[in-house]
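First the structure, in the form of structure tokens, and then the observations on it.
Numbering (mature numbering (1 follows the signal peptide of the UniProt record, and there is no 0)), first residue to last: -22 to -1, 1 to 224.
Here you go:
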């Protein structure tokens, strides 16, 4: 019995000393791997790009010659290619994006017409004119709602254009000319833009442009009066390069 007790005490002592030795050994703990989180895309930053699409022009022209001898009113609807470039800046706060953009574009929206008339027995009239515009630009504010890399936006602001609306005519042996002028007005529209990468975005948008009314009188206040009212619709696609946010 005494031997059994001594053997048990020895065994307990051996286990206790082994546990104490193991506790003194250095610990080998593995650091947990941090989860990989994709960076959140931001629309904030400057960008430059190009655009191309289709534009159409509704141009109302009213011409009055010498009060009673010649009256002409016409409406022309011309459509054609438009293309150009844009530059802008966006700032994102929450899911909202505010920005400003300026663009300049070529537009194939000019129509030529020629008129010959001799109602006044003492005078002949031969005239030529071009209506519409050959180029336009805008400076617009943008406000949109972002869903990750997609942006739905509305836009509006200042518009200008020119290159058309020129008139030249002969009357009573003399030549008179109305030089082309730059027109100004306003624009409204909207679009959808998507960021395929952190730097490349593409968009589709539509714009309505109103360049107002232009009134011109020639050589006498009531001799020849011309009035043009120009409205433009634009549907186009664009591609932008967005610089890093700052």
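Backbone N, C-alpha and C define an ideal beta-carbon position, used for all residues, glycine too.
Buried or exposed (CB count within 10 angstroms, at least 16 for buried), residue i
i, result
"residue 63", "exposed"
"residue 220", "buried"
"residue 32", "exposed"
"residue 165", "buried"
"residue 126", "exposed"
"residue 174", "exposed"
"residue 162", "exposed"
"residue 167", "buried"
"residue 18", "exposed"
"residue 74", "exposed"
"residue 119", "exposed"
"residue 123", "exposed"
"residue 139", "buried"
"residue 169", "buried"
"residue 72", "exposed"
Residue i: first and last residue of the uninterrupted beta strand (DSSP E) it sits in
i, result
"residue 130", "128 to 140"
"residue 164", "161 to 173"
Chain-order list of residues whose beta-carbon lies under 6 Å from that of residue i (same chain, five-residue window excluded)
i, result
"residue 27", "64, 216, 217 and 218"
"residue 171", "129, 179 and 181"
"residue 76", "69 and 121"
"residue 35", "56, 87, 110 and 210"
"residue 117", "80, 135 and 136"
"residue 82", "62 and 115"
Neighbourhood of residue i by C-beta distance below 7 Å, restricted to the same chain and skipping five residues each side
i, result
"residue 24", "67 and 221"
"residue 212", "31, 33, 60, 184, 185 and 187"
"residue 177", "219 and 220"
"residue 22", "68, 69, 70 and 223"
"residue -19", "With a pLDDT of only 49 at residue -19, under 50, the local geometry of the prediction cannot be trusted, and no value is derived from it."
Beta-bridge pairing of residue i - partner residues as DSSP gives them
i, result
"residue 62", "29 and 83"
"residue 183", "169 and 214"
"residue 209", "36 and 188"
"residue 176", "In DSSP, residue 176 forms no bridge with anything."
"residue 68", "23 and 77"
"residue 18", "The partner list for residue 18 (beta bridge, DSSP) is empty, contrary to what the question assumes."
"residue 221", "Bridge partners of residue 221: none, in fact."
Beta carbon proximity, residue i to chain B, threshold 9 Å
i, result
"residue 208", "The structure shown contains no chain B; it is built from a single protein chain."
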